[in-house]
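*Asks:* Be aware that the sequence shown starts at 85, since it is given in the working numbering, and climbs by one per residue.
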Amino acid sequence: MHSCLSKSLTSAVASRSTVCRRGQALRSPISHNVKFRSNKIYLGEKKRHGRQQATAMSGGPGMSPELKLSIDNFIASNKVVVFMKGEKESPQCGFSARVVQILKAFDSDFATVNILADERLRSGMKEYSQWPTFPQVYINGEFYGGADIVMEAAQNGQLKEALEVAALE
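1) Output the boundary residues of the alpha helix (DSSP H) element that contains residue 211.
2) Cutting at 7 Å between CB atoms, please list the residues of its own chain near residue 167, excluding the five before and the five after it.
3) When the Cβ atoms of the segment 229 to 243 are set against those of the segment 200 to 207, are three or more pairs found closer than 8 Å?
4) Would you kindly report the start and end of the unbroken beta strand (DSSP E) that includes residue 198?
5) Below 8 Å on the Cβ atoms is my contact criterion, and I expect residue 223 with residue 164 to pass it. Report the Cβ-Cβ distance as a whole number of Å.
6) Quick one: what's got a C-beta closer than 8 Å to residue 190's C-beta in the same chain, skipping five residues either side?
7) Skipping 5 residues on each side, what residues in its chain have a beta carbon closer than 6 Å to that of residue 252?
8) Excluding the five sequence neighbours on either side, which residues of its own chain have a C-beta within less than 8 Å of the C-beta of residue 186, listed in chain order?
9) Based on the DSSP output, what are the partners of residue 223 in its beta bridges?
10) For residue 151, count neighbouring C-beta atoms within 10 Å of its own C-beta (all shown protein chains included) and say buried if the count is 16 or more, exposed if not.
11) Given this structure, state the Cα-to-Cα distance separating residue 176 from residue 206, to the nearest angstrom.
12) Applying the criterion that 16 or more other CB atoms from any shown protein chain within 10 Å of the CB defines a buried residue, is residue 170 buried or exposed?
13) Out of 192, 173, 181, state which residue places its alpha-carbon closest to the alpha-carbon of residue 249.
14) On the DSSP bridge assignment, give the partners of residue 170 in chain order.
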């Protein structure tokens, strides 16, 4: 898929629901190819095993253990992470742009993940953080907050302090 990827994790998801005509659900195994690059999480194409054709694409409840592990590892390997709409160089919403602008103003080294690139990641992050909106900022492995919290913390000095602590650890 991407030849320049430095790390990869191939995982099989135990099962997902396939919706039938009468609202019944069949279980069928699906494989996800989860890959990382220095500042991105990639979820490869789903690979079906079996004969069912339609797969529920919404992340919904029950995030796969592999996706959770991938997110855990990515957050742990970066001091500051922003899960956002767009990339650091080209945010695709005003709130994401504002958070990037604030972090750059503090000369913070931070990684970004474009949640628009994969609906499973976008849905999974909402479940992972128990936070419904983006951007989502993580500092030292902990969820810090969304755009409003980051903006307020930037104004009252708490963000500067948190970023300084992250840089020292």
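Even glycine gets a Cβ: it sits at the ideal position worked out from N, Cα and C.
*Replies:* Short version:
1) In the sequence shown, counting from the first residue as 1, residue 211 sits at position 127. Its alpha helix (DSSP H) spans residues 203 to 213.
2) Translated into the one-based positions of the sequence shown, residue 167 becomes position 83. Cβ within range, chain order: 197, 199, 209, 218, 219, 220.
3) no
4) Locating residue 198 in the sequence shown gives position 114, counting from the first residue. Start and end: 195 to 198.
5) Here residue 223 refers to the residue found at position 139 when the sequence shown is read from its first residue. Here residue 164 refers to the residue found at position 80 when the sequence shown is read from its first residue. Rounded, the Cβ-Cβ distance is 5 Å, consistent with contact.
6) On the sequence shown, position 106 is the one that residue 190 refers to. Closer than 8 Å at Cβ, skipping near neighbours: 238, 243, 244, 247.
7) Indexing the sequence shown from 1 puts residue 252 at position 168. If we look at residue 252 and ignore the five residues flanking it on each side, it has no Cβ neighbours.
8) Numbered from 1 along the sequence shown, position 102 holds the residue referred to as residue 186. Only 234, 235, 238, 243 meet the Cβ criterion.
9) For the purposes of this step, residue 223 is taken as residue 139 along the sequence shown, with counting starting at 1. DSSP output for residue 223 lists 164, 226 as bridge partner(s).
10) Taking the first residue of the sequence shown as 1, we reach residue 151 at position 67. Residue 151 comes out buried.
11) Looking up residue 176 in the sequence shown gives position 92. Looking up residue 206 in the sequence shown gives position 122. If I take the Cα positions, the gap works out to 14 Å.
12) Position 86 of the sequence shown holds residue 170. By the 10 Å Cβ count, residue 170 comes out buried.
13) The count along the sequence shown starts at 1 and reaches residue 249 at position 165. Ranking 192, 173, 181 by Cα distance to residue 249 puts 192 first.
14) Here residue 170 refers to the residue found at position 86 of the sequence shown. Looking at the DSSP assignment, residue 170 forms a beta bridge with 175.
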